[in-house]
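If you read the sequence shown in numbering that gives the first Met the number 0, its first letter stands for residue 0, the second for the next number, and so on.
Where a beta carbon is used, it is the ideal one built from N, C-alpha and C, also for glycine.
Just so you know, these numbers come straight off a predicted model, no measurement behind them.
Following: one structure in C-alpha cells, then a few remarks.
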Amino acid sequence: MSGIFSTFNIAKRGLFAQQNAVSTTSHNIANANTEGYSRQRVHFETTPAHFKTGVGVIGTGVDIASINRIRDAYLDTQVRYETGILGRYNARQEILEQVEMVFMEPSESGLSTVMGKMWDAWQELSKSPESSYARAIVRDQALTFTDSLNHMYEQLETLKSDSINLTEKKVLDAHSIIDQIKSLNDQISRVVIKGETPNDLMDRRDLLLDQLSVIVDFKTTEDKFGRISIESGGIKLLSAAEGDETAVELSVVRSAVMNGDGSVTVTLARGGDSINGVIVLTMTEEEYRNHSFLKDGAVVFNDKAWDGKDLSGLEPFKMSNGELLGYQSMSDEISMYQDQLNGLARALAYAVNTIHTDSGSHGVPFFVGDGGSSDLSEITAGNITINQAIIDNPKNINTATLPGNPEGDGGRALAIAQLRSVRLPVQDFIDDPDAAAASITYNNDTMSFENVSGGGTFEGYYKDMIAKLGISSQQAVRMVENQETLTGQLLQRRYSVSGVSIDEEVANLILFQHAYQANANVIYTLNAMLDTLINRMGV
Numbered sequence: 000m001s002g003i004f005s006t007f008n009i010a011k012r013g014l015f016a017q018q019n020a021v022s023t024t025s026h027n028i029a030n031a032n033t034e035g036y037s038r039q040r041v042h043f044e045t046t047p048a049h050f051k052t053g054v055g056v057i058g059t060g061v062d063i064a065s066i067n068r069i070r071d072a073y074l075d076t077q078v079r080y081e082t083g084i085l086g087r088y089n090a091r092q093e094i095l096e097q098v099e100m101v102f103m104e105p106s107e108s109g110l111s112t113v114m115g116k117m118w119d120a121w122q123e124l125s126k127s128p129e130s131s132y133a134r135a136i137v138r139d140q141a142l143t144f145t146d147s148l149n150h151m152y153e154q155l156e157t158l159k160s161d162s163i164n165l166t167e168k169k170v171l172d173a174h175s176i177i178d179q180i181k182s183l184n185d186q187i188s189r190v191v192i193k194g195e196t197p198n199d200l201m202d203r204r205d206l207l208l209d210q211l212s213v214i215v216d217f218k219t220t221e222d223k224f225g226r227i228s229i230e231s232g233g234i235k236l237l238s239a240a241e242g243d244e245t246a247v248e249l250s251v252v253r254s255a256v257m258n259g260d261g262s263v264t265v266t267l268a269r270g271g272d273s274i275n276g277v278i279v280l281t282m283t284e285e286e287y288r289n290h291s292f293l294k295d296g297a298v299v300f301n302d303k304a305w306d307g308k309d310l311s312g313l314e315p316f317k318m319s320n321g322e323l324l325g326y327q328s329m330s331d332e333i334s335m336y337q338d339q340l341n342g343l344a345r346a347l348a349y350a351v352n353t354i355h356t357d358s359g360s361h362g363v364p365f366f367v368g369d370g371g372s373s374d375l376s377e378i379t380a381g382n383i384t385i386n387q388a389i390i391d392n393p394k395n396i397n398t399a400t401l402p403g404n405p406e407g408d409g410g411r412a413l414a415i416a417q418l419r420s421v422r423l424p425v426q427d428f429i430d431d432p433d434a435a436a437a438s439i440t441y442n443n444d445t446m447s448f449e450n451v452s453g454g455g456t457f458e459g460y461y462k463d464m465i466a467k468l469g470i471s472s473q474q475a476v477r478m479v480e481n482q483e484t485l486t487g488q489l490l491q492r493r494y495s496v497s498g499v500s501i502d503e504e505v506a507n508l509i510l511f512q513h514a515y516q517a518n519a520n521v522i523y524t525l526n527a528m529l530d531t532l533i534n535r536m537g538v
C-alpha cells in the first residue's frame with residue numbers, strides 16, 4: 000500500500016516539475032522581444048532516494064534544482080567595452096561633422112578662398128593706388144575676411160557650448176542609471192539572502208549596465224549577496240556596501256573665465272544638473288594653474304558631502320572610453336581650433352599693421368580688436384575687424400612707400416600683398432603674441448619680413464588646420480564603422496547565447512508537455528491499481 004502512494008508522490012513531483020518547466024518556457028516566449036531579457040532554463044535534479052533493505056536504493060522522483068538565466072559574463076564584458084569605444088567615437092563624429100560645416104572647406108565661401116581674395120585685392124590696389132574703387136575693394140574684402148573669422152569663432156563657441164551641454168546631460172543620465180542600479184542591488188540582495196535567484200531583476204540591472212557602458216567605461220565586482228560595485232577612472236561610482244553606495248558624484252565644468260582683476264571664475268554643473276546644481280567658484284590665477292584640469296567641458300568628481308565652497312573637493316575624472324570622453328575631448332578640440340584661429344588673426348594683424356603703419360611711424364592700424372585696440376593680446380578671431388577710420392574712409396589705407404609720395408605709389412600695398420607668401424611663426428601667436436612678434440625680423444626699407452625657419456604662410460597654416468580636422472573626422476567615421484561592425488557581431492553572439500529562439504522554446508514546450516502527460520498516465524495507472532486493490536479484492 001505504501002509503495003503505491005510513494006509512486007503517487009513521484010508522479011505528483013513529476014507533474015509539478017514539468018508544469019513549472021512549461022511556465023518557464025511560456026515566460027521565455029512572452030519575453031522574446033523584451034530588450035535585455037535572457038532566456039531561462041529549469042534545471043531538474045533527482046530527489047533523495049529511499050533505501051529498502053534487501054533490495055537497494057529506490058528512486059523518489061524529480062524536483063527543480065533552480066531556474067537560471069543563460070548568460071555569458073565574458074561576452075557581457077566584451078560588449079560593454081566595445082560599446083564604450085563606439086560611444087566615444089559616435090560623440091566625436093556627431094560634433095566633428097558640425098565643425099566641418101563651420102569651416103566649409105573646400106568651398107567658394109570658405110575662409111581660404113576669402114583670404115585669397117583679400118590678398119588679390121591688395122595686389123590690384125598696388126597697381127592702381129589712386130583708385131577709390133580699388134581701395135573700397137580692399138576694405139570690403141578685408142571686412143569679408145574678418146566677418147568670416149568672427150562668424151567661425153562664434154559658431155565654434157556655440158558648438159563647444161552644445162558639447163558641454165551634452166556632457167552635462169550624459170553625466171545626469173549616468174547618475175540616474177547608477178541610482179536605478181543601486182535600487183536593483185537592494186532588491187536583488189533581499190532575494191539572494193533567501194536562497195533564490197532573481198533572474199528578471201538581474202536582467203534589468205544588466206540592461207542598465209549596458210546603457211551605462213555607452214556613457215562611460217567601468218568595471219564591476221559582485222559580492223556574495225548579488226550586489227555589484229561600479230568602478231571607473233580609479234574611483235567607485237557605486238559601492239556594494241550598504242549605506243555607502245554613492246559617495247562620489249561627477250560634475251562638469253561649464254566655463255572658466257579669466258577676469259580683468261586677475262581672478263578666475265569657474266562655473267560648475269554639480270552632478271550634471273544645469274538647473275539646480277550650478278556652483279560658481281572664484282579663485283586666483285595661481286590657484287587655477289594648480290587646478291588646470293578645470294577646463295571648459297571637463298568632467299571632474301567630488302565627494303557628495305563637498306560643500307562647494309573651495310577647490311579641495313575637486314579632482315579630474317579619468318576615462319578611457321564612452322560618450323563622456325568623446326564630448327569632453329571635443330570641447331578641448333574645439334578650443335584648440337579657436338586658439339589656432341586666434342593665432343591666425345593675431346599674426347595677420349601684426350604683419351599687415353606693421354607694414355601699413357611702417358612699424359608705427361605713420362598711418363593707422365589696418366586690423367584692430369575690441370574698442371579699436373591694435374594690441375595683439377586683445378585681438379582674437381572673434382573680435383578682429385577693420386579700423387573704423389578705414390571703414391569710414393578708404394583713403395586712410397596706406398599704399399605709398401613713404402609719406403608724401405605721389406598717389407601712384409603702391410609699394411606699400413604691394414608689400415602687404417606679398418605677405419601671402421611670407422613664412423612666419425603663426426602658431427607662436429596663440430600663447431604669447433608679443434614674444435612671437437619680437438622674434439620676427441622686419442626690414443623698414445624693403446617693407447618685408449624675413450622668412451622664419453619652421454614657419455609657414457597664412458594660407459598654409461590654415462590648410463594645415465583643415466587637414467588635421469579632416470584626419471580627425473575621418474578617424475571618427477572609420478572607428479564608428481569598425482565598432483558598429485564589431486559590436487554587432489558581439490551582440491549577435493550574445494543573442495545566440497541569451498536570446499530566445501521561438502523554435503527552440505516550442506520544441507521544449509512539446510517535450511515538457513509529453514513528460515507532463517506521461518506523469519499523468521502514471522497517476523491514471525496508479526488509480527486503476529488502487530481500484531483493483533480496493534474494489535475487486537475486497538480489501
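Going by other Cβ atoms of all chains shown within 10 Å of its Cβ, with 16 needed for buried, is residue 513 buried or exposed?
Position 514 of the sequence shown, counting from 1, holds the residue named residue 513. Label assigned to residue 513: exposed.
Once DSSP output is grouped into helix, strand and coil, what is the label at residue 230?
By one-based count along the sequence shown, residue 230 stands at place 231. Strand at residue 230.
Are the region 465-484 and the region 433-442 touching, with three or more C-beta to C-beta distances below 8 angstroms?
no
Among the residues of its own chain, which have a CB less than 6 angstroms from the CB of residue 50, if the five just before and after it don't count?
Stepping through the sequence shown from its first residue, residue 50 is reached at position 51. Correct list, in chain order: 56.
Euclidean distance between Cα positions of residue 316 and residue 331
Taking the sequence shown and counting its residues from 1, one reaches residue 316 at position 317. Taking the sequence shown and counting its residues from 1, one reaches residue 331 at position 332. In a straight line, the C-alpha of residue 316 is about 15 angstroms away from that of residue 331.
In whole angstroms, give me the CA-to-CA distance for residue 323 and residue 82.
What you label residue 323 is simply residue 324 of the sequence shown in a count that begins at 1. What you label residue 82 is simply residue 83 of the sequence shown in a count that begins at 1. Computed Cα separation, rounded: 13 angstroms.
Is residue 97 near the ligand MN, in the sense that its beta carbon is under 7 angstroms from a heavy atom of that ligand?
What this structure holds is no ligand at all, so the ligand MN is not there to describe.
Residues near residue 91 by beta carbon distance below 7 angstroms, same chain, minus five either side
Along the sequence shown, one-based indexing puts residue 91 at 92. 325, 328, 329 and 475.
Taking all protein chains shown into account, do 16 or more other C-beta atoms lie within 10 angstroms of the C-beta of residue 100, making it buried, or fewer, making it exposed?
Your numbering for residue 100 matches position 101 in the sequence shown. Result: exposed.
How many Å lie between residue 430 and residue 341 at the Cα?
The sequence position of residue 430 within the sequence shown is 431, counting from 1. The sequence position of residue 341 within the sequence shown is 342, counting from 1. Going from the Cα of residue 430 to the Cα of residue 341 covers about 9 angstroms.
How about residue 353 and residue 362: are their beta carbons less than 8 angstroms apart?
Start at 1 with the first residue of the sequence shown, and residue 353 comes out as number 354. Start at 1 with the first residue of the sequence shown, and residue 362 comes out as number 363. No.
Mapping the DSSP letters down to three states, classify residue 70 as helix, strand or coil.
In the sequence shown, the residue the question calls residue 70 occupies position 71. Three-state result, residue 70: coil.
Give me whichever residues DSSP pairs with residue 542 in a beta bridge.
Given a span of 0 to 538 for the chain in the structure shown, any question on residue 542 remains unanswerable.
What do you reckon, are the CB atoms on residue 383 and residue 348 nearer than 8 angstroms?
In the sequence shown, counting from the first residue as 1, residue 383 sits at position 384. In the sequence shown, counting from the first residue as 1, residue 348 sits at position 349. Yes. Within cutoff.
Would you kindly work out how many angstroms separate the C-alpha atoms of residue 517 and residue 37, rounded to a whole number?
Counting from 1 along the sequence shown, the entry for residue 517 is found at position 518. Counting from 1 along the sequence shown, the entry for residue 37 is found at position 38. Their Cα atoms are separated by approximately 30 angstroms.
Quick one, are the C-beta atoms of residue 239 and residue 222 less than 8 angstroms apart?
The residue labelled residue 239 in the question sits at position 240 within the sequence shown. The residue labelled residue 222 in the question sits at position 223 within the sequence shown. Their beta carbons are under 8 angstroms apart, which means residue 239 touches residue 222 by this criterion.
Report the three-state DSSP secondary structure of residue 0 (helix, strand or coil).
Mapped onto the sequence shown, residue 0 falls at position 1. With a pLDDT of 40 at residue 0, under the threshold of 50, the modelled position of this residue cannot be trusted; read the value that follows with caution. Three-state result, residue 0: coil.
Using DSSP bridges, identify the partner residues of residue 315.
On the sequence shown, position 316 is the one that residue 315 refers to. 299, per the DSSP bridge assignment.
What does DSSP give as the partner residues of residue 441 in its beta bridges?
Against the sequence shown, residue 441 aligns to sequence position 442. Answer is 448.
Rounded to the nearest angstrom, what separates residue 535 and residue 528 at their Cα positions?
Here residue 535 refers to the residue found at position 536 when the sequence shown is read from its first residue. Here residue 528 refers to the residue found at position 529 when the sequence shown is read from its first residue. Computed Cα separation, rounded: 10 angstroms.
Mind checking residue 335: buried by the 16 CB within 10 Å criterion, or exposed?
Residue numbering aside, residue 335 sits at position 336 when the sequence shown is read from its first letter. Burial call: exposed.
Cα-Cα, which of 364, 338 and 360 is closest to residue 350?
Start at 1 with the first residue of the sequence shown, and residue 350 comes out as number 351. Nearest C-alpha to residue 350: 364.
By Cβ distance, which residues of its chain are closer than 6 angstroms to residue 184, with the 5 residues on each side in sequence left out?
Residue mapping note: residue 184 aligns to position 185 of the sequence shown, counting from 1. So the list reads 226, once near-sequence residues are dropped.
Which residue's Cα is closest to the Cα of residue 41: 30, 22 and 31?
The sequence position of residue 41 within the sequence shown is 42, counting from 1. Nearest option by C-alpha distance: 22.
According to the neighbour-count rule (16 or more other Cβ atoms, all chains shown, within 10 Å of its Cβ), is residue 571 buried or exposed?
Past the boundaries of the shown model lies residue 571; the chain is included only from 0 to 538, so the question cannot be answered.
Rounded Cβ spacing between residue 249 and residue 271 (contact assumed at less than 8 angstroms)
Sequence index remark: in the sequence shown, residue 249 carries index 250 (1-based). Sequence index remark: in the sequence shown, residue 271 carries index 272 (1-based). With 8 angstroms as the limit, residue 249 and residue 271 qualify as a contact, their Cβ atoms being about 7 angstroms apart.
Kindly indicate which three-state DSSP category residue 256 falls into: helix, strand or coil?
Sequence index remark: in the sequence shown, residue 256 carries index 257 (1-based). Looking at residue 256 - three-state DSSP - the assignment turns out to be strand.
Look at the Cβ atom of residue 124, then the Cβ atom of residue 407, and state whether they are nearer than 8 angstroms.
Here residue 124 corresponds to residue number 125 of the sequence shown, with the count starting at 1. Here residue 407 corresponds to residue number 408 of the sequence shown, with the count starting at 1. In this structure, residue 407 does not lie closer than 8 angstroms to residue 124 by Cβ.
Indicate the three-state DSSP secondary structure (helix, strand or coil) for residue 368 in the structure shown.
Counting from one through the sequence shown, the residue named residue 368 turns up at place 369. Three-state result, residue 368: coil.
Where does residue 380 fall in DSSP's three states?
Position 381 of the sequence shown, counting from 1, holds the residue named residue 380. In this structure, residue 380 counts as coil in the three-state DSSP scheme.
Beta-carbon contacts of residue 153 that lie in its chain and below 7 angstroms, excluding the five residues immediately before and after
Counting from one through the sequence shown, the residue named residue 153 turns up at place 154. Here the set comprises 381.
Nonlocal neighbours in the same chain, by C-beta distance under 6 angstroms from residue 136, ignoring five residues either side
Residue numbering aside, residue 136 sits at position 137 when the sequence shown is read from its first letter. Answer for residue 136: 120, listed in chain order.
So what does DSSP say about residue 269, is it helix, strand or coil?
Counting from one through the sequence shown, the residue named residue 269 turns up at place 270. Looking at residue 269 - three-state DSSP - the assignment turns out to be strand.
Alpha carbon to alpha carbon, how far is residue 526 from residue 533? Give it in angstroms, no decimals.
Position 534 of the sequence shown, counting from 1, holds the residue named residue 533. Position 527 of the sequence shown, counting from 1, holds the residue named residue 526. Whole-angstrom Cα-Cα distance: 11 angstroms.
Which class does residue 62 belong to by DSSP, given the choice of helix, strand or coil?
Counted from its first residue, the sequence shown places residue 62 at position 63. Correct three-state label for residue 62: strand.
Quick test of your reading: residue 252 and residue 295, contact by CB under 8 angstroms. State the CB separation rounded to the nearest angstrom.
If you number the sequence shown from 1, residue 252 lands on position 253. If you number the sequence shown from 1, residue 295 lands on position 296. Yes, residue 252 and residue 295 are in contact; Cβ-Cβ is about 6 angstroms, under 8 angstroms.
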